[in-house]
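J.: All residue numbers for the sequence shown refer to numbering that gives the first Met the number 0, where the first residue is 0 and numbers rise by one.
Just so you know, even glycine gets a beta-carbon here, dropped at the ideal spot from N, CA and C.
Here it is: the structure, laid out below.
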Amino acid sequence: MNVALGVGGGIAAYKAAELARALMEHGFSVQAILTDAAQEFITPLTFAALTGRKVISNLFSAANPEGTLASAVEHISVAEQHDILVIAPATADLMAKLAHGLAGDFLTTTYLAFTGPVVLAPAMNSNMWNHPATRENLRILRERGHVIVEPEDGLLACGDVGPGRLAEPQKIADVVAGLAASGRRATVRQHRDLEGEVILITAGPTQEPLDAVRYLSNRSSGKMGYALAAGALERGARVILVAGPVHLDPPKGAEVIPVHTAVEMRAAVMEHLEESTIIIKAAAVADYHRVNAPNHKVKKTAARMSLELDPTPDILAELGRVKGDRLLVGFAAETENLVEEARRKLESKNCDMVVANLVSAEGEGFESDENEVVLVLRTGEAIPVKRAPKTAIAHRIFDEMIKLRLALHSSR
Ligand code: C5P
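Laid out in structure tokens, this is it:
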């Protein structure tokens, strides 16, 4: 597989050399593209030596210095010949250009001509990272379906401490490898295969009040459900997103219904059941709640206290009974016997697919940007999906869902 590696102009540009090497260790061929600013920090020669390939460094000087037609269209062939475009470090300036389609050099024109998956690894000073302009550009790029390898917290070149350090090259290379393994050459324009679908997605945890100020909840970040919502929108679906309390910007175009408790989530889901064609229950609904929680703050005493909890409504099981022709997808976070447990859940809750993940695996499942799952289907199949960003997993879930629907319809 061929990776085009765009390098922006920042202190972290030197780490892009390590990234080139890590990508090659994963078996990729790497074509480096350096912006003019990148060359202030690192020379094309470094990349040429590491990748064994001529480095592209400017729109009109790549193939021949006169800037004739042959070199002026080279970005189109680079875009066509590569499977994944990785940009690291993605500076604030580059992200702004990418977000708004400014195409004044080789890297930005290649980006516009490229139709495959894009991975961006931003790096910059914390204040620049937190600036509303950068946040907005990031939102646009994320919504476009690009995979963002978030910068890490730490000491920055400017002496500040905070978010902005380029993610470790090995980590970026792993994300790219995961994307390649998920086998999706995604394009926003070519895959509007969910047009006409109304997809009801639940995401995040629920919060069950114990009194006026305390609650029971869990570690769900909502990232998987939000990635599913973004993926479905990209592929042309209408998305109703019933979201528990999370710290995520909802994808543009999703109809968001914020809820707190399992009871509220159930009500929102049932209200929108009629119009939906696919229901995905990615939320980590609390299994127990305190009925009639006092609406004042319970005072602390020295005495031991115990809580009496009742089960929450099992929304998935209820949906299984009333779903009709709709596709119903449940999630199963398990610590052992993953596939067997998922099969049991699929049967007992009348789902068409259960997305099962082992929550004990390090860095996966809750809170993480990545996941490794098994898709257990009504047809009896169990499809393992290797570790990949949640955005890639989301697309794989939709790919399999579309195939499953065809299989279920043709067997009727
Ligand atoms: O049985 P378990 O809680 O592991 O099942 C997880 C699946 O069931 C998820 O899809 C979750 O959204 C759903 N669920 C639900 N209502 C509950 C508990 C879980 O819909 N009260």
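Can you look up Gln30 in the DSSP assignment and give me helix, strand or coil?
T.: Note: Gln30 maps to strand in three-state DSSP.
J.: Any heavy atom of ligand 1 closer than 8 Å to the Cβ of Lys348?
T.: For ligand 1, at least one heavy atom lies less than 8 Å from the Cβ of Lys348.
J.: Could you have a look at Gly323 and say whether DSSP puts it in helix, strand or coil?
T.: If DSSP states are grouped into helix, strand and coil, Gly323 belongs with coil.
J.: Less than 7 Å between C-beta atoms, sequence neighbours within five positions excluded: which residues of the same chain meet that for Ile401?
T.: Here the set comprises Asp192.
J.: Under three-state DSSP, which class holds Leu84?
T.: Strand at Leu84.
J.: Tell me, please, which residues DSSP counts as bridged to Pro121.
T.: According to DSSP, Pro121 bridges with Ala89.
J.: For Gly224, count neighbouring C-beta atoms within 10 Å of its own C-beta (all shown protein chains included) and say buried if the count is 16 or more, exposed if not.
T.: With 16 or more Cβ atoms within 10 Å of its Cβ, Gly224 is classed as buried.
J.: Kindly list the residues whose CB is nearer than 8 Å to the CB of Phe40, restricted to its own chain and excluding five residues on each side of it in sequence; keep chain order.
T.: Only Gly8, Gly9, Ile10, Ala12 and Tyr13 meet the Cβ criterion.
J.: Going by DSSP in three states, Asn1 sits in which element: helix, strand or coil?
T.: Strand, per DSSP.
J.: Taking the continuous beta strand (DSSP E) assigned at Leu193, which residues delimit it?
T.: That residue, Leu193, is in no beta strand (DSSP E); it is neither H nor E in DSSP.
J.: Taking the alpha helix (DSSP H) that Ala132 falls in, what are its first and last residues?
T.: Residues Pro131 to Glu142.
J.: Going by the beta-carbon positions, is the gap between Thr427 and Val197 smaller than 9 Å?
T.: The first residue shown for the chain is 0 and the last is 411, placing residue 427 beyond what the model contains.
J.: Taking Cβ to Cβ, would you say Arg377 is nearer than 9 Å to Asp351?
T.: The answer is yes: Cβ separation under 9 Å.
J.: Return the residue from the list Ala78, Thr205, Ile392 and Gly144 that minimises the CA-CA distance to Arg289.
T.: The shortest Cα separation from Arg289 among Ala78, Thr205, Ile392 and Gly144 belongs to Thr205.
J.: Between Ser220 and the rest of its own chain, which residues show a CB-CB distance below 6 Å, the 5 nearest in sequence each way excluded?
T.: Answer for Ser220: Glu366, listed in chain order.
J.: Hey, would you say the C-beta of Phe330 is under 8 Å away from at least one heavy atom of ligand 1?
T.: Yes, ligand 1 has a heavy atom inside 8 Å of this Cβ.
J.: Quick one: what does DSSP say His246 is sitting in, helix, strand or coil?
T.: In this structure, His246 counts as coil in the three-state DSSP scheme.
J.: Within 10 angstroms of its Cβ, does Met123 collect 16 or more other Cβ (buried), or is it exposed?
T.: Buried: at least 16 other Cβ atoms inside 10 Å.
J.: Along the alpha helix (DSSP H) that carries Leu44, what are the first and last residues, could you check?
T.: Where Leu44 is concerned, the enclosing alpha helix (DSSP H) stretches over Pro43 to Thr50.
J.: Which one or two residues does DSSP pair with Glu274 in a beta bridge?
T.: In DSSP, Glu274 forms no bridge with anything.
J.: Looking at the structure shown, is Phe314 part of a helix, part of a strand, or coil, going by DSSP?
T.: A quick correction: the sequence has Ile, not Phe, at residue 314. Reduced to three states, the DSSP call for Ile314 is helix.
J.: Give me the Cα-Cα distance between Glu346 and Leu232, rounded to the nearest whole angstrom.
T.: Taking the straight line joining both Cα atoms gives about 29 Å.
J.: Tell me whether Thr311 counts as near ligand 1, meaning its Cβ is closer than 8 Å to at least one heavy atom of that ligand.
T.: Yes - ligand 1 has a heavy atom lying nearer than 8 Å to the Cβ of Thr311.
J.: Between Asp104, Phe113 and Phe46, which lies nearest to Ile75 when the distance is taken from Cα to Cα?
T.: Residue Phe113 is the option with its Cα nearest to Ile75.
J.: Classify Glu333 as helix, strand or coil using the three-state DSSP reduction.
T.: In the structure shown, Glu333 sits in a strand (DSSP, three-state: E or B).
J.: Let me confirm a value: Gln80 is counted as buried when at least 16 other C-beta atoms fall within 10 Å, else exposed. Which label applies?
T.: With fewer than 16 Cβ atoms within 10 Å of its Cβ, Gln80 is classed as exposed.
J.: Does Ile10 come out as helix, strand or coil in the three-state DSSP assignment?
T.: Reduced to three states, the DSSP call for Ile10 is coil.
J.: Just checking Val373 against ligand 1 - is the residue's beta carbon closer than 8 Å to any of the ligand's heavy atoms?
T.: Every heavy atom of ligand 1 is 8 Å or more from the Cβ of Val373, so no.
J.: Can you tell me whether His295 is helix, strand or coil according to DSSP?
T.: It is coil, neither helix nor strand.
J.: Check each candidate in His145, Glu17, Ala202 and Val118 and name the one with the smallest Cα separation from Val255.
T.: Val255 has its Cα closest to that of Ala202, out of His145, Glu17, Ala202 and Val118.
J.: At which residues does the beta strand (DSSP E) containing Lys385 begin and terminate?
T.: Per DSSP, Lys385 belongs to the beta strand (DSSP E) from Ala381 to Pro388.
J.: Measure the CB-CB distance between Thr50 and Met23 and report whether it falls below 9 Å.
T.: Taking 9 Å as the Cβ cut-off, Thr50 and Met23 qualify as a contacting pair.
J.: What do you get for Asn336, buried or exposed, if any count of 16 or more other CB atoms within 10 angstroms of its CB means buried?
T.: Flag for Asn336 reads exposed.
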